[in-house]
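Chains A and B, in that order, give the protein sequences. Take my numbering: the final residue in the first sequence is number 843, and no numbers are missing along the way. Take my numbering: the final residue in the second sequence is number 843, and no numbers are missing along the way. Take a look at the structure set out below.
2 protein chains.
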Amino acid sequence: MDDVRFAVLGTGGIGRRTLEVSQHKDGLTAVAACDRNGVAVDHGGLDVEELLDATEGNIASGPADDVATDGGAAAAPEGVKQHGEQAGVVASDQGRPTETPIDDVIAESDAIDAVLVALPNLEHDFIPRVAERFAEADYEGVLVDVLKRSRVIGMLDDREETLKESGITFVCGAGATPGFLTGAAALAAQSFVEVEEVEIWWGVGLKSGYEDNRGTVREDIAHLDGYDIETAREMSEAEIEELIDDHDGVLEFNDMEHADDVLLERAGICDAEDVHVGGVLDVRSDEKPTTTTVSVTGTTFDGETGTNTFQLDDVTSMEANVNGPALGYLKAGVRNNRAGHYGVFGPADLMPGF
Amino acid sequence: MDDVRFAVLGTGGIGRRTLEVSQHKDGLTAVAACDRNGVAVDHGGLDVEELLDATEGNIASGPADDVATDGGAAAAPEGVKQHGEQAGVVASDQGRPTETPIDDVIAESDAIDAVLVALPNLEHDFIPRVAERFAEADYEGVLVDVLKRSRVIGMLDDREETLKESGITFVCGAGATPGFLTGAAALAAQSFVEVEEVEIWWGVGLKSGYEDNRGTVREDIAHLDGYDIETAREMSEAEIEELIDDHDGVLEFNDMEHADDVLLERAGICDAEDVHVGGVLDVRSDEKPTTTTVSVTGTTFDGETGTNTFQLDDVTSMEANVNGPALGYLKAGVRNNRAGHYGVFGPADLMPGF
Numbered sequence: 490m491d492d493v494r495f496a497v498l499g500t501g502g503i504g505r506r507t508l509e510v511s512q513h514k515d516g517l518t519a520v521a522a523c524d525r526n527g528v529a530v531d532h533g534g535l536d537v538e539e540l541l542d543a544t545e546g547n548i549a550s551g552p553a554d555d556v557a558t559d560g561g562a563a564a565a566p567e568g569v570k571q572h573g574e575q576a577g578v579v580a581s582d583q584g585r586p587t588e589t590p591i592d593d594v595i596a597e598s599d600a601i602d603a604v605l606v607a608l609p610n611l612e613h614d615f616i617p618r619v620a621e622r623f624a625e626a627d628y629e630g631v632l633v634d635v636l637k638r639s640r641v642i643g644m645l646d647d648r649e650e651t652l653k654e655s656g657i658t659f660v661c662g663a664g665a666t667p668g669f670l671t672g673a674a675a676l677a678a679q680s681f682v683e684v685e686e687v688e689i690w691w692g693v694g695l696k697s698g699y700e701d702n703r704g705t706v707r708e709d710i711a712h713l714d715g716y717d718i719e720t721a722r723e724m725s726e727a728e729i730e731e732l733i734d735d736h737d738g739v740l741e742f743n744d745m746e747h748a749d750d751v752l753l754e755r756a757g758i759c760d761a762e763d764v765h766v767g768g769v770l771d772v773r774s775d776e777k778p779t780t781t782t783v784s785v786t787g788t789t790f791d792g793e794t795g796t797n798t799f800q801l802d803d804v805t806s807m808e809a810n811v812n813g814p815a816l817g818y819l820k821a822g823v824r825n826n827r828a829g830h831y832g833v834f835g836p837a838d839l840m841p842g843f
Numbered sequence: 490m491d492d493v494r495f496a497v498l499g500t501g502g503i504g505r506r507t508l509e510v511s512q513h514k515d516g517l518t519a520v521a522a523c524d525r526n527g528v529a530v531d532h533g534g535l536d537v538e539e540l541l542d543a544t545e546g547n548i549a550s551g552p553a554d555d556v557a558t559d560g561g562a563a564a565a566p567e568g569v570k571q572h573g574e575q576a577g578v579v580a581s582d583q584g585r586p587t588e589t590p591i592d593d594v595i596a597e598s599d600a601i602d603a604v605l606v607a608l609p610n611l612e613h614d615f616i617p618r619v620a621e622r623f624a625e626a627d628y629e630g631v632l633v634d635v636l637k638r639s640r641v642i643g644m645l646d647d648r649e650e651t652l653k654e655s656g657i658t659f660v661c662g663a664g665a666t667p668g669f670l671t672g673a674a675a676l677a678a679q680s681f682v683e684v685e686e687v688e689i690w691w692g693v694g695l696k697s698g699y700e701d702n703r704g705t706v707r708e709d710i711a712h713l714d715g716y717d718i719e720t721a722r723e724m725s726e727a728e729i730e731e732l733i734d735d736h737d738g739v740l741e742f743n744d745m746e747h748a749d750d751v752l753l754e755r756a757g758i759c760d761a762e763d764v765h766v767g768g769v770l771d772v773r774s775d776e777k778p779t780t781t782t783v784s785v786t787g788t789t790f791d792g793e794t795g796t797n798t799f800q801l802d803d804v805t806s807m808e809a810n811v812n813g814p815a816l817g818y819l820k821a822g823v824r825n826n827r828a829g830h831y832g833v834f835g836p837a838d839l840m841p842g843f
């Protein structure tokens with residue numbers, strides 16, 4: 490594939506690490522990055538190392554409980570540390586302050602092949618609305634997000650005609666789960682003519698990455714019994730710490746609303762209701778509390794019922810399993826976009842057909 | 490995806506079972522099938538059940554040790570039973586005798602979206618030459634094969650310009666391995682920025698399918714120490730039986746020449762020499778002698794070295810793991826073809842980019 494010039498909206502944990510991982514990949518050039526206060530653009534290729542060094546532990550964000558409530562502007566992806574007015578991208582030599590970071594990237598988008606949207610989506614329609622803004626500017630290219638929630642897919646589908654008219658290939662849910670593990674489920678299904686159940690079970694040990702991933706943890710809390718997105722958003726940092734204390738740092742999730750279900754259904758692999766997602770998060774250890782496993786149970790054409798499995802090594806971090814696949818799906822999105830395939834695609838849509 | 494009209498060249502084990510599996514799939518209509526003596530075409534859709542019933546245990550083939558030596562004509566895919574002049578497709582109400590079965594399918598190819606080439610390839614360039622004949626007829630569509638040998642990929646690549654000019658998307662090595670397991674390796678690599686080793690280890694129990702898969706067994710024997718394609722082709726049935734007896738029915742293969750290596754290298758995932766393929770074949774039991782496992786070892790962006798694994802349930806038959814993926818990759822090929830992506834693609838090229 491020819492060189493892919495990409496931008497990152499949001500330079501919190503996911504945005505930063507995607508920039509870092511892209512340095513290891515052939516054919517990927519980061520040309521723009523922004524956060525709520527700043528934007529950096531260099532069509533010859535950003536100096537990613539300088540940008541990451543300058544923003545290390547210095548990510549532009551409002552107070553944690555303000556995250557993503559500003560909707561229309563570029564919010565920081567995760568509620569993490571802030572260091573005064575020079576926080577975030579503007580602390581880099583390549584950055585400049587702006588009040589319209591997303592619009593500034595859109596203004597450059599003629600020379601951008603793909604955009605990773607690493608913004609928080611606590612408001613469900615925030616990322617769909619960002620996509621709309623790219624479409625309004627007649628962007629022809631790829632948008633990729635790493636969203637989790639099932640209901641967002643429908644909001645993107647509602648905008649599919651607008652995206653198609655613009656020439657946008659939107660790859661949604663392209664992180665670890667949904668994303669990496671959705672793709673694994675789609676592939677594992679290939680032994681079967683009928684899929685009965687998909688079980689996705691993840692383990693994450695987040696001790697050393699906890700500070701960088703508070704936004705993710707907050708979003709996970711919304712999946713716990715007795716919590717929802719609104720209550721999770723309204724919790725103070727102290728309340729979150731208390732909740733984590735009550736669970737000795739280990740939170741177990743069952744039947745999460747993860748878009749794996751609708752993404753597998755739209756690819757024709759199984760009914761959404763036959764997909765179950767859960768996992769265990771340990772914020773006090775880097776060891777995974779359980780092994781991340783995808784189990785796909787189905788029936789073969791010759792009448793046998795079996796379970797194929799995909800397992801990630803416990804040493805592979807959540808970060809590695811989000812950012813590698815995000816870039817992998819981004820590349821697949823570019824292949825599709827250059828071929829004129831526009832609209833909304835899930836990870837399973839980019840796999841062999843079922 | 491809109492309806493895909495497909496043809497099968499060769500109605501031995503793989504061709505027959507692909508027709509059977511397609512009955513379970515949405516959006517696939519079998520419109521043509523041929524073997525060395527006959528062809529059946531119905532653009533409204535073949536009566537697959539009638540065709541399979543009529544050809545059950547009745548596959549047109551020369552004597553086993555003649556298999557695939559006729560090159561230019563449609564050879565039967567595997568050296569199995571023959572029952573006189575009415576053997577194979579001509580035994581079906583839908584079949585008619587022909588001396589030019591492949592040309593007869595090519596003549597209909599304007600109305601065919603994809604062709605599964607389930608012909609034997611003991612002569613390495615046989616399938617590449619069949620592809621050339623489709624290109625000479627200006628076929629615009631997909632060709633899929635389930636070949637195994639690494640060296641065939643180069644022969645296809647040599648013809649890539651011809652295929653592109655015609656508008657052909659050739660998906661090569663789209664069975665179990667290479668194919669299903671190559672795709673799994675490509676996906677499992679997504680945790681890593683550097684892949685150090687891919688190990689593909691398969692188990693096949695073939696007791697009840699032995700008669701239908703003698704051609705495959707013969708091709709596997711060519712991978713044993715002390716054998717090659719020529720010696721395997723020249724062995725009589727009695728000699729093969731004797732070899733199998735000597736091994737009590739269980740043949741173990743190491744460092745096989747399987748195209749997984751070049752297919753993963755061409756997708757940029759690792760060097761061909763870091764891919765190892767082996768397995769155990771038991772022709773006297775339906776139980777798999779070992780669990781089919783793909784292990785991908787690599788290093789993450791954050792410096793950890795780990796191994797992701799993909800395992801097929803022991804109850805999933807070799808047949809299920811060849812024919813489901815063959816149709817899955819066929820569908821992916823059609824998506825690419827309709828988007829104007831022509832040339833030679835391996836399974837890993839149809840996965841998220843690395």
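Backbone N, C-alpha and C define an ideal beta-carbon position, used for all residues, glycine too.
Delimiting residues of the alpha helix (DSSP H) encompassing residue i
{"i": "Ala821(B)", "result": "Met807 to Arg827"}
{"i": "Ala675(B)", "result": "Phe669 to Ala677"}
{"i": "Val682(B)", "result": "Run containing Val682(B): none; DSSP gives neither H nor E here."}
Contacts of residue i in chain A (Cβ-Cβ under 8 Å)
{"i": "Asp791(B)", "result": "Ser806, Glu808 and Ala809"}
{"i": "His830(B)", "result": "Arg824 and Ala828"}
{"i": "His513(B)", "result": "Val682, Glu683 and Phe790"}
{"i": "Ala821(B)", "result": "Met840, Pro841 and Gly842"}
{"i": "Gly817(B)", "result": "Gln679, Met840, Pro841, Gly842 and Phe843"}
Distance between residue j and residue i (C-alpha atoms, nearest Å)
{"i": "Glu539(A)", "j": "Glu509(A)", "result": "11 Å"}
{"i": "Val706(B)", "j": "Asn526(B)", "result": "24 Å"}
{"i": "Leu676(B)", "j": "Pro667(B)", "result": "14 Å"}
{"i": "Leu608(B)", "j": "Gln679(B)", "result": "33 Å"}
{"i": "Glu741(B)", "j": "Asp714(B)", "result": "10 Å"}
{"i": "Lys637(B)", "j": "Asp749(B)", "result": "8 Å"}
{"i": "Ile710(B)", "j": "Glu776(B)", "result": "20 Å"}
{"i": "Asp582(B)", "j": "Thr544(B)", "result": "11 Å"}
{"i": "Ala522(B)", "j": "Gly504(B)", "result": "8 Å"}
{"i": "Ala553(B)", "j": "Cys661(B)", "result": "Note on Ala553(B): pLDDT 37, under 50, position unreliable in the model; the coordinate value appears next. Near 25 Å, if we compare the C-alpha coordinates of Cys661(B) and Ala553(B)."}
{"i": "Ala673(A)", "j": "Thr788(A)", "result": "17 Å"}
{"i": "Gly534(B)", "j": "Ala519(B)", "result": "6 Å"}
{"i": "Ala580(B)", "j": "Val823(B)", "result": "31 Å"}
{"i": "Asn743(A)", "j": "Arg585(A)", "result": "43 Å"}
{"i": "Ala603(B)", "j": "Val619(B)", "result": "14 Å"}
{"i": "Glu793(B)", "j": "Thr805(A)", "result": "7 Å"}
{"i": "Gly857(B)", "j": "Val635(A)", "result": "As displayed, chain B neither begins before 490 nor continues past 843, which places residue 857(B) out of reach and without an answer."}
{"i": "Asp599(A)", "j": "Tyr628(A)", "result": "7 Å"}
{"i": "Leu801(B)", "j": "Thr796(A)", "result": "7 Å"}
Contact list for residue i against chain A, beta-carbon separation under 7 Å
{"i": "Phe669(B)", "result": "Gln679"}
{"i": "Gly672(B)", "result": "Leu676 and Pro841"}
{"i": "Pro814(B)", "result": "Gln679 and Pro841"}
Contacts of residue i in chain B (Cβ-Cβ under 9 Å)
{"i": "Leu652(A)", "result": "Near Leu652(A) there are no residues of chain B at all, since even the closest Cβ is about 17 Å away, more than 9 Å."}
Beta-carbon neighbours of residue i, restricted to chain A and to distances below 9 Å
{"i": "Leu801(B)", "result": "Ala677, Ser680, Gly795, Asn797 and Thr798"}
{"i": "Val606(B)", "result": "None at all; the shortest Cβ gap to chain A is about 17 Å."}
{"i": "Glu545(B)", "result": "Within 9 Å Cβ-Cβ: nothing; Glu545(B) doesn't reach chain A, min ~15 Å."}
Any non-hydrogen atom of the ligand MN within 8 Å of residue i CB
{"i": "Trp690(A)", "result": "Only the bare structure without any ligand can be found here, which leaves the ligand MN out of the picture."}
Proximal residues of chain B, C-beta to C-beta of residue i below 8 Å
{"i": "Val510(A)", "result": "Val682 and Phe790"}
For residue i, the first and last residue of its enclosing beta strand (DSSP E)
{"i": "Val510(B)", "result": "First-last for Val510(B): Gly502 to Ser511, but that is the alpha helix (DSSP H), not the beta strand (DSSP E)."}
{"i": "Ala521(A)", "result": "Leu517 to Cys523"}
> Along the region 687–699 of chain B, what residues have a CB closer than 8 Å to any CB found in chain A?
Replying inline: Listed by position, the residues of the region 687–699 of chain B near chain A (Cβ gap below 8 Å) amount to none.
>> Extract the residue ranges of the alpha helix (DSSP H) inside the region 703–785 of chain B, only unbroken runs of 4 or more that lie entirely within it.
In response: Counting only runs of 4 or more, we get 703–710, 718–723, 726–735 and 749–755.
> Which residues, in chain order, does the region 700–717 of chain A contribute to contact with chain B at a C-beta distance below 9 Å?
Replying inline: Answer set for the region 700–717 of chain A: empty.
> Which whole runs of the beta strand (DSSP E) in the region 591–644 of chain A are 3 residues long or more, in chain order?
Replying inline: If only complete runs of 3 or more residues are kept, the region 591–644 of chain A shows the beta strand (DSSP E) at 603–606 and 630–634, in order along the chain.
>> Can you pull out the residues from the region 744–764 of chain A whose beta carbon lies closer than 7 Å to at least one beta carbon of chain B?
In response: Within the region 744–764 of chain A, the residues whose Cβ lies closer than 7 Å to some Cβ of chain B are Gly757, listed in chain order.
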